[in-house]
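This report refers to the structure that appears directly beneath it.
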Amino acid sequence: MQQHSPQKFAEFLLNGDQQRAIELLRQIAEHTPRYRLYNELLTPAMRYIGELWERNDITVAEEHLATAVCDFVLAQYHYSPGNSAVGRHSVNHKAMFSCLEGEQHALGLKMVSGLFEEKGWQSRFMGADLPLEYTVDTARKWMPDVIGLSVSIAYNLPNLKTYVEALENLNYGPTVVVGGRLAEKYDLRPYCSDKTVIIKDVEELHSWLSVYSTGEKQNARY
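Residue numbers (UniProt numbering): 1 to 222.
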């Protein structure tokens, strides 16, 4: 993958150029595994856009436009003809994904959901800002093997601990996986249990998921 690709992709997103963003993504996807595409193109591009926003080089409106375009492009890629991640459940595993209440950035979690589907899992992407009571209720009814949580805002860390405790205490014993922007930068272990799986990036998730999918769940802790 060319080094300048994430910045070029970000430029298309900021310009609202859906077609060129899709073309660039598909061009790279032809010779790049999905997890690397996410880790080396989409994630760096959105991180770059976030940095521009933090420096006031772009407005909130421009950041929202870029996020909306990226969401659209990701959906187009995910449901494109011939995509192996769509409509195929080859393993008897289920996973659900949601952001903590107050967390609005769900693109990364949508990518994660796609990676699980690529491995043949049944996946439910619950989106942003899901209160704990609905997270627990959905998990209790659907009984996913894995529950993925995303946290990107530091003041939500105490809330993360509440979510993890409630979900890991469900009587059927799901595995809780925690990721998001804060997982890359900080030690989240004080807000989780010894059982919680903390994932720092898409590549690490890919490795963990490969181990889990081969039935070695017990040894798949990070």
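Just so you know, even glycine gets a beta-carbon here, dropped at the ideal spot from N, CA and C. These figures come from a predicted structure and were not determined experimentally.
Other residues of its chain near residue i: CB distance less than 6 Å, five sequence neighbours each side excluded
| i | result |
| --- | --- |
| Phe12 | Arg20, Ala21 |
| Arg124 | Met96 |
Nonlocal neighbours in the same chain, by C-beta distance under 7 Å from residue i, ignoring five residues either side
| i | result |
| --- | --- |
| residue 224 | This structure gives no information on residue 224, because the portion of the chain shown stretches from 1 to 222. |
| Glu30 | none |
Straight-line gap, residue i to residue j (C-alpha atoms, nearest Å)
| i | j | result |
| --- | --- | --- |
| Tyr191 | Gly179 | 12 Å |
| Val177 | Glu54 | 28 Å |
| Leu182 | Leu205 | 15 Å |
| Pro174 | Ala75 | 28 Å |
| Thr32 | Gly114 | 15 Å |
| Asp187 | Leu170 | 25 Å |
| Thr138 | Leu109 | 17 Å |
| Ala45 | Tyr172 | 38 Å |
| Glu103 | Tyr134 | 15 Å |
| Asp129 | Val151 | 10 Å |
| Leu14 | Asp57 | 12 Å |
Helix, strand or coil at residue i [DSSP, three-state]
| i | result |
| --- | --- |
| Thr162 | helix |
| Met143 | coil |
| Ser150 | strand |
| Lys110 | helix |
| Gln27 | helix |
| Ser193 | coil |
| Ala128 | coil |
| Gln218 | In this prediction, Gln218 has a pLDDT of 44, which is less than 50 and means its spatial position is unreliable; what the coordinates show is noted afterwards. The answer is helix: DSSP assigns Gln218 an H, G or I state. |
| Ile199 | coil |
| Gln19 | helix |
| Lys123 | For the record, residue 123 in the displayed sequence is Ser; it is not Lys. It is a strand residue. |
| Thr67 | helix |
Distance CB(residue i)-CB(residue j) smaller than 9 Å
| i | j | result |
| --- | --- | --- |
| Gly91 | Gly148 | Reading the sequence as shown, one finds Val at residue 91 and not Gly. Taking 9 Å as the Cβ cut-off, Val91 and Gly148 do not qualify as a contacting pair. |
| Glu203 | Tyr35 | yes |
| Leu132 | Ala106 | no |
| Lys94 | Trp142 | yes |
Continuous alpha helix (DSSP H) stretch holding residue i: start and end
| i | result |
| --- | --- |
| Arg55 | Per DSSP, Arg55 belongs to no alpha helix (DSSP H) and is neither H nor E. |
| Lys185 | 181-185 |
| Lys8 | 5-14 |
N-terminal and C-terminal residue of the beta strand (DSSP E) that residue i is part of
| i | result |
| --- | --- |
| Ser98 | 94-99 |
Chain B contact for residue i (CB, 9 Å cutoff)
| i | result |
| --- | --- |
| Glu40 | In the displayed structure, chain B is absent; only one protein chain is listed. |
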